[in-house]
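Novice: After the structure tokens below, expect a handful of questions from me.
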Amino acid sequence: MGLGLDDSFDPKVDPAVRVAASRLRTRLARYYATEGVGDRIVFGLPVGGYVPTIVERIERRPEVGPVVAIGAFGAPAASAEVAELAAGISESLATAVSRFQGAVTVGPVDPGPELGPVDAARAVRLDHGADLVLLGGLRVVEGTLRVTVRLLDAAAGTTIWADQFDGELDGTAMLATEDRIVEHLSSTLADEHGLIPAAMERVAASPDAVGHRALLGFYSYARSLDEGRQPEVIASLEAAVERAPGHAPYLGALASVLAFAGVGTALIAPPSAELLERAEALARRALAVDASEPYARLVTAYLRVVGDELDEGRRLAEGILADGRYTPSIRSMCGICLCLSGAWDAGIAELRIGHLLNPALPAWQHGFLALDDLANGDPTEALAHARQVDTPGLVWGPLLRAAAFGAQGEVTRGVAELELIGGFPALEAEGAELMRGHMRLPEPVVTAALAGLLPVAIALQAPTIATTSTDEGEGR
Numbered sequence: 002m003g004l005g006l007d008d009s010f011d012p013k014v015d016p017a018v019r020v021a022a023s024r025l026r027t028r029l030a031r032y033y034a035t036e037g038v039g040d041r042i043v044f045g046l047p048v049g050g051y052v053p054t055i056v057e058r059i060e061r062r063p064e065v066g067p068v069v070a071i072g073a074f075g076a077p078a079a080s081a082e083v084a085e086l087a088a089g090i091s092e093s094l095a096t097a098v099s100r101f102q103g104a105v106t107v108g109p110v111d112p113g114p115e116l117g118p119v120d121a122a123r124a125v126r127l128d129h130g131a132d133l134v135l136l137g138g139l140r141v142v143e144g145t146l147r148v149t150v151r152l153l154d155a156a157a158g159t160t161i162w163a164d165q166f167d168g169e170l171d172g173t174a175m176l177a178t179e180d181r182i183v184e185h186l187s188s189t190l191a192d193e194h195g196l197i198p199a200a201m202e203r204v205a206a207s208p209d210a211v212g213h214r215a216l217l218g219f220y221s222y223a224r225s226l227d228e229g230r231q232p233e234v235i236a237s238l239e240a241a242v243e244r245a246p247g248h249a250p251y252l253g254a255l256a257s258v259l260a261f262a263g264v265g266t267a268l269i270a271p272p273s274a275e276l277l278e279r280a281e282a283l284a285r286r287a288l289a290v291d292a293s294e295p296y297a298r299l300v301t302a303y304l305r306v307v308g309d310e311l312d313e314g315r316r317l318a319e320g321i322l323a324d325g326r327y328t329p330s331i332r333s334m335c336g337i338c339l340c341l342s343g344a345w346d347a348g349i350a351e352l353r354i355g356h357l358l359n360p361a362l363p364a365w366q367h368g369f370l371a372l373d374d375l376a377n378g379d380p381t382e383a384l385a386h387a388r389q390v391d392t393p394g395l396v397w398g399p400l401l402r403a404a405a406f407g408a409q410g411e412v413t414r415g416v417a418e419l420e421l422i423g424g425f426p427a428l429e430a431e432g433a434e435l436m437r438g439h440m441r442l443p444e445p446v447v448t449a450a451l452a453g454l455l456p457v458a459i460a461l462q463a464p465t466i467a468t469t470s471t472d473e474g475e476g477r
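So this is what it looks like as structure tokens:
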């Protein structure tokens, strides 16, 4: 029998086959994301079965960006079980990091246990051309598994980030332990708003790496939604698409910028139909090249929602989440799609999980969490979230802070917030309908937001809001 197992093997008790299959899936994914990126024939082992698949994929040549090397995690003086766990973490982490579109991932590579971190990073740079090197190790301390990890700038020999954390050492669930460690590290490092893309901005990319710079610009813009930067980001991505018209990540990123343009002023005007049409065309092009391109899939779901196909938009967002292979950034954006499609509670849950996995996710997303806290009668927590929505020109921040202050009875502070956006233009006659309409906020959320804003609006001498809100209240 395979794997050295005899006839007494019971798969219900012994997970050996499942572990071996999981290892094989990880190695295949890593190979096809790195050395095998140009292979046309792709072998796979779908989750849930042991029958291999063979598919032919469309050739695509991603533009070369910085090289991130994943060092083989060491486990000195550890048991064979812990050593195997270290090897599994190295392989799974290399696979997870390789999904990040902005860099080339190599590894796991072993620079040798005798080298210190700086010398190891320089050795990996010489052997593999690495710009960034991730090194780590495992050891057991009084029965507790301790994981240490370090991200280095290979050229400068400096540590960009280091961390240490403890985990449970459960010999009966080592695969689950590996999954938890890899999820924690990949969410922190390889998310679009994680440490690796932030570190890449310090690394001198090739002068010809137009696409690499465009993607980093896109990630930076998505973090703040600074409308003043939007033309520059669009132009940069358009240049990348012109140079590589079949490169799905560039197409997906450009589609995303166009689809979400104006979200910072969404209380004032609905999305531009022209921009949404362009976004949809770009998303289709991206998915024709790579059906798994995350931002193209996300844009497709969002466009169904804004086109009033709420059930279809929800289904598409849930499909992305069900894949379980995307970053916390994509997870949180799917959560927003769910919120806007009518599945508010499910969407908020995904948003909270995304921000728990990576606290560096875009601060403007805290606006949805603030609205949820207002609806749940917690203006103090709503204010804490609203204070994180601080991009200049983004009306959400002052508006939500005003609502939270109003709900707490601090009307004067609420008025000061509204004055930052020139009063209260967003809700002057049609505001409530806009919130229910193209923003698609559920009635309890709209009611809670207006309840907090009402005393502030009265103090700001905006009678139209008071009249509108009072009339609605009498009609319920």
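Each residue of the sequence shown is one higher than the last, beginning at 2 in the numbering used here.
No residue lacks a Cβ here, since even glycine has one placed at the ideal position from N, Cα and C.
(1) Going by DSSP, which residues form a beta bridge with G320?
(2) Got a sec? Which residues, its chain only, sit under 6 Å from R140 by beta carbon, not counting five neighbours each side?
(3) DSSP on A84, reduced to helix/strand/coil?
(4) If I'm right that L133 touches A97 with Cβ under 8 Å, what's the distance once you round it to whole angstroms?
(5) What do you reckon, are the CB atoms on A249 and V211 nearer than 8 Å?
(6) Might you give, ordered along the chain, the residues of its own chain that have their beta carbon closer than 8 Å to the beta carbon of G158, omitting 5 neighbours on each side?
(7) From this set, L190, D192, E169, A191, which residue's C-alpha is nearest R181's C-alpha?
(8) Does D371 pass the burial test, meaning 16 or more other C-beta atoms within 10 Å, or should it be called exposed?
(9) Please list the terminal residues of the continuous alpha helix (DSSP H) segment that includes Q165.
(10) Label Y251 either buried or exposed according to how many other C-beta atoms from any shown protein chain fall within 10 Å of its C-beta, with 16 as the threshold for buried.
(11) Which of the three DSSP states is assigned to F219 in this structure?
(12) Assign P232 to buried or exposed, taking buried as 16 or more other Cβ atoms, counted over all protein chains shown, within 10 Å of its Cβ.
(13) Considering only residues of the same chain and omitting the five flanking positions on each side of D227, which have a CB-CB separation below 6 Å?
(14) Of the choices T145, G195, G130, D167, whose alpha-carbon is the least far from that of I161?
(15) Please report how far the alpha carbon of S333 lies from the alpha carbon of W345, in whole angstroms.
(16) If you draw a straight line from the alpha carbon of L322 to that of R126, how long is it in whole angstroms?
(17) Give the range of the alpha helix (DSSP H) segment to which A404 is assigned.
(18) Give every residue of the same chain whose Cβ lies closer than 6 Å to the Cβ of P380, excluding the five residues on either side of it in the sequence, and list them in chain order.
(19) Go through its chain and collect everything with a Cβ distance to E239's Cβ below 7 Å, but skip five positions before and after it.
(20) Determine, using beta carbons only, whether S93 and L358 come nearer to each other than 8 Å.
(21) So, at 7 Å on beta carbons, what are the nonlocal neighbours of D167 in its own chain, with the 5 sequence-adjacent residues on each side left out?
(22) Whose CA, out of R286, A387, L136, A460, lies closest to the CA of P246?
(23) I459 by DSSP, collapsed to three states: which one?
(24) What is the C-beta distance between G137 and F74, in whole angstroms, given that I count them as a contact (C-beta under 8 Å)?
(25) Here's a check: name, in chain order, each residue in its chain whose Cβ is nearer than 6 Å to the Cβ of S342, leaving out the five neighbours to either side.
(26) Compare the C-alpha of D164 against each of T149, L176, A177 and name the closest.
(27) Starting from the Cα of R28, find the closest Cα among P109, Y51, D291 and give me that residue.
(28) For V300 versus A236, is the C-beta distance shorter than 8 Å?
(29) For L369, report the span of its alpha helix (DSSP H) as first-last.
(30) Would you mind sorting V457 into buried or exposed? The rule is 16 or more other CB atoms within 10 Å of its CB.
(31) Leaving out five residues on either side along the sequence, give the residues of the same chain with a beta carbon under 7 Å from the beta carbon of R62.
(32) Which residue or residues does DSSP assign as beta-bridge partners of A70?
(33) Determine the DSSP secondary structure at I422, reduced to helix, strand or coil.
(34) For Y51, count the other beta carbons within 10 Å of its own beta carbon; 16 or more makes it buried, fewer makes it exposed. Which is it?
Specialist: So, to answer that:
(1) Paired residues: none, contrary to the question.
(2) R147
(3) helix
(4) No, L133 and A97 are not in contact; Cβ-Cβ is about 15 Å, not under 8 Å.
(5) no
(6) V119, A122, R123
(7) E169
(8) Note that residue 371 is Ala in the sequence shown here, rather than Asp. Per the 10 Å Cβ criterion, buried.
(9) Counting along the chain, Q165 falls outside any alpha helix (DSSP H), though it belongs to the beta strand (DSSP E) covering 159-168.
(10) buried
(11) helix
(12) exposed
(13) T392
(14) G195
(15) 13 Å
(16) 36 Å
(17) 397-409
(18) A405, A408, Q409
(19) L255
(20) no
(21) T145, L146, R147
(22) R286
(23) helix
(24) 5 Å
(25) V306, L311, G314, R315
(26) T149
(27) P109
(28) no
(29) This sequence places Phe at residue 369; Leu is not what is there. Segment 367-376, the alpha helix (DSSP H) holding F369.
(30) buried
(31) With a pLDDT of 45 at R62, under the threshold of 50, the predicted position of this residue should be treated as unreliable, and no value is reported.
(32) V107, V134
(33) coil
(34) exposed
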